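Its first residue numbered 56, the sequence shown is counted upward by one per residue in our numbering. All residues carry an ideal CB built from backbone N, CA and C; glycine is no exception. Please read all numbers here as calculations on a predicted model, not as lab measurements. One structure is given below, encoded as structure tokens.
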Amino acid sequence: MSTNITEVVLAHLEGLLPEPFELVDVEWSKMGADYVLSVLVDKPEGITLQDTADLSEIISPELDKISPDPFPSEYMLEVASPGAERPLKKSADFEKHIGAYVFVKLYQKVAGEKEFVGDLVAFDSNLITLNYLDKTRQKTVELELSNIAKARTQVKL
């Protein structure tokens, strides 16, 4: 159900945000007894509190226009920055973050692992290349986009 809600909302909001804002992701979650729809947005110089307030005024009425209503009950709308650990979902996300330190979780193991943390060094239409540290050895792995369950930028400590 939550996948359907996020897909419907993403499709409806795509292209509706004014420049220079970018729709990064939509998340549907339950927090205690409440449902929360989080709309993650960004712009080149970062998001301010005023930006989130202004975008809420644009996004909220748009959500009311979705028919049939995909939401099972009342919910809270949260418009927020994706933060330091930004999700990578679309091809453009991977392209834009070549050189970034990333976390990738896979559906199926590759090289005996389901999770990798390393530098995103290359991307083509369906393959990413990561340099990562395996104990003390530097290694490179190629991962198919179709095998990626989750990916995000990662803060390097």
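Taken through DSSP and simplified to helix, strand or coil, threonine 195 comes out as strand. Rounded to whole angstroms, the separation of the alpha carbons of alanine 206 and alanine 155 is 12 Å. For histidine 67 against glutamate 117, the beta-carbon gap comes to about 7 Å, under 8 Å, which counts as contact. CA-CA distance, alanine 166 to threonine 195, rounds to 10 Å.
The beta carbon of proline 99 lies closer than 8 Å to those of Pro75 in the same chain, with the five residues before and after it left out.
Linking glutamate 82 to serine 136 through their CA atoms gives a straight-line distance of about 12 Å. Under the three-state reduction of DSSP, serine 201 is assigned to helix. Bridge partners of asparagine 59 according to DSSP: none are assigned.
Between serine 146 and glycine 101, the alpha-carbon positions lie close to 21 Å from each other. Methionine 131 and tyrosine 90 have their C-alpha atoms roughly 6 Å apart. Leaving aside the five residues that flank phenylalanine 171 on each side, the residues in its chain whose CB is nearer than 6 Å to its CB run, in chain order, Val159, Leu185 and Tyr187. When DSSP assignments are scanned along the region 109-187, the uninterrupted stretches of alpha helix (DSSP H) that are 4 or more residues long and fall wholly within it turn out to be 146-151. If you check the CB distance, valine 134 and valine 94 come in under 8 Å. The alpha carbon of serine 122 has as its nearest neighbour, out of Val64, Gly87, Ser201 and Gln105, the alpha carbon of Val64.
If you compare the alpha carbons of Gln105, Glu62 and Lys164 with that of leucine 92, the shortest gap goes to Glu62.
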